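Read through the structure below, which is laid out as structure tokens, and then see the notes.
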Amino acid sequence: MVAPRANWKGFIKFGEVSCPVALYTAASSSERIAFNTLNRKTGNRVRREFVDSETGDPVERDDQVKGYEIENGQYIILEPEEVAAAVPDSDKTLKIDAFIPCNEIDGVHFDKPYYLAPDKMGTDAFVLLRDGMKNAKVAAIARTVLFRRVRTVLIRPHGKGLIATTLNFDYEVRSSEEAFDELPDLKIEGEMLELAEHIIGTKKGSFDASTFDDRYEAAVAELVKAKIEGRALPKKKAPPASKPSDLLQALRESAGIGGKKAEPKRTAANANKGTSRHKAAKPAAAKTKSAASQARRAG
8 MVAPRANWKG FIKFGEVSCP VALYTAASSS ERIAFNTLNR KTGNRVRREF
58 VDSETGDPVE RDDQVKGYEI ENGQYIILEP EEVAAAVPDS DKTLKIDAFI
108 PCNEIDGVHF DKPYYLAPDK MGTDAFVLLR DGMKNAKVAA IARTVLFRRV
158 RTVLIRPHGK GLIATTLNFD YEVRSSEEAF DELPDLKIEG EMLELAEHII
208 GTKKGSFDAS TFDDRYEAAV AELVKAKIEG RALPKKKAPP ASKPSDLLQA
258 LRESAGIGGK KAEPKRTAAN ANKGTSRHKA AKPAAAKTKS AASQARRAG
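Each residue of the sequence shown is one higher than the one before, starting from 8 at the first, in the numbering used here.
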């Protein structure tokens, strides 16, 4: 098995203790099916080309430069060396500023997760930090220059190592007030609330990421496989018409009071698997992996 390649190497420092560490990508979309844009008439790939917005002439890479718009159609040019000089110097150190309760940061600030592991030496200091944070039930806030930007990072114990999640800056997170501004102040109580609580109780379970399938990816892989084999996929049936909107009646039926039996309590894993039809879909999805690979090579 090929060892993963580190995205960043440096040091983690708490107090006067430091140890070398490496960051590894924890989430990647590289395994998703990717499409190429083709010329329908020739079947050849289409390549992107930058053109001047006024003259329509192609602009070669050496003639392309960054610009910041100060007025409508007016730009200041930023040369590559000027941008590079403005980037903060990196000392390759994740300096921990504070330890905070694990649940104190709202998940809306989470950006991208990375696995944080000791790099060859300094394992004792790394394990000391990991176990100390576990026992104290805290996470760490650190800052460093990652990929040419100063980033705030949330560090938490994760299995045998640590997980470092870059955080969105406050100005990047939109206020929830805008999304919920028109939501009226309602208070639901009585039978409707009791029924809702009952339904929630029957659906309680535990989180298991392995039980959640990427149905879009599986469907596209099956489509590619069908195209390669020269067959057509069966047409999907139109969904049944929705029932009249009656919240109380819908709650009663969901709870098994309106003529339907209530579903037994099951875990989120079982709830996600659903009927035997869904169980049978997993092997089919596995068979389409080779078709997906052929699709990538064909692109």
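Even for Gly, the Cβ is constructed at its ideal location relative to N, Cα and C.
The structure presented is a predicted model; accordingly, all values stated were derived computationally and were not measured.
Check                                                                                                       : Outcome
Cα-Cα separation, A239 to P11                                                                               : 40 Å
Outcome for K289 when other beta-carbon atoms lying within 10 angstroms are tallied against a minimum of 16 : Residue placement at K289 is flagged as unreliable, the pLDDT there being 44, under the threshold of 50; the coordinate-derived value follows with that caveat. Exposed: under 16 other Cβ atoms inside 10 Å.
Three-state secondary structure assigned by DSSP to G168                                                    : strand
Terminal residues of the beta strand (DSSP E) in which P108 lies                                            : T100 to P108
Option in R150, L169 and A124 with minimal Cα separation from A13                                           : A124
Classification of F176 by the beta-carbon crowding that lies within 10 angstroms, buried from 16 upward     : exposed
Cβ distance (whole Å) where A33 is taken to contact Y122 below 8 Å                                          : 5 Å
CB contact flag (D191, D126, <7 Å)                                                                          : Just to set this straight, residue 191 is Pro in the shown sequence, not Asp. Going by C-beta atoms, P191 is not nearer than 7 Å to D126.
Whole alpha helix (DSSP H) elements within the segment 41 to 96, 4-residue minimum                          : 87 to 93
Helix, strand or coil at F187 [DSSP, three-state]                                                           : helix
The segment 35 to 46 contacting the segment 14 to 22, beta-carbon criterion three pairs below 8 Å           : no
V160 beta carbon less than 7 Å from that of T173                                                            : yes
Neighbourhood of K16 by C-beta, 8 Å cutoff - its chain only, sequence neighbours within 5 removed           : P27, V28, A29, L30, K99 and D126
Rounded straight-line distance, which links the Cα of F133 to that of I162                                  : 12 Å
Backbone CA spacing between G74 and V90 [nearest angstrom]                                                  : 11 Å
Rounded straight-line distance, which links the Cα of A216 to that of A291                                  : Residue placement at A291 cannot be trusted, given a pLDDT of 43 that sits under 50; what the coordinates show is reported in the next sentence. In a straight line, the C-alpha of A291 is about 19 Å away from that of A216.
Limits of the unbroken beta strand (DSSP E) element including L123                                          : F117 to P125
Cβ pair V94, R155 closer than 7 Å                                                                           : yes
Proximal residues to R304 (C-beta, below 7 Å), its chain only, five neighbours per side dropped             : Unreliable placement is indicated for R304, whose pLDDT of 44 sits below 50; no coordinate value is reported for it.
Cα-Cα separation, D113 to I84                                                                               : 38 Å
Pick from R222, A171 and T151 that is closest to R137, judged by C-alpha positions                          : A171
Residue range of the beta strand (DSSP E) that includes I19                                                 : W15 to F21
Three CB pairs or more closer than 8 Å across the segment 189 to 207 and the segment 253 to 264             : yes
Buried or exposed (CB count within 10 angstroms, at least 16 for buried), V231                              : buried
Three-state secondary structure assigned by DSSP to R259                                                    : helix
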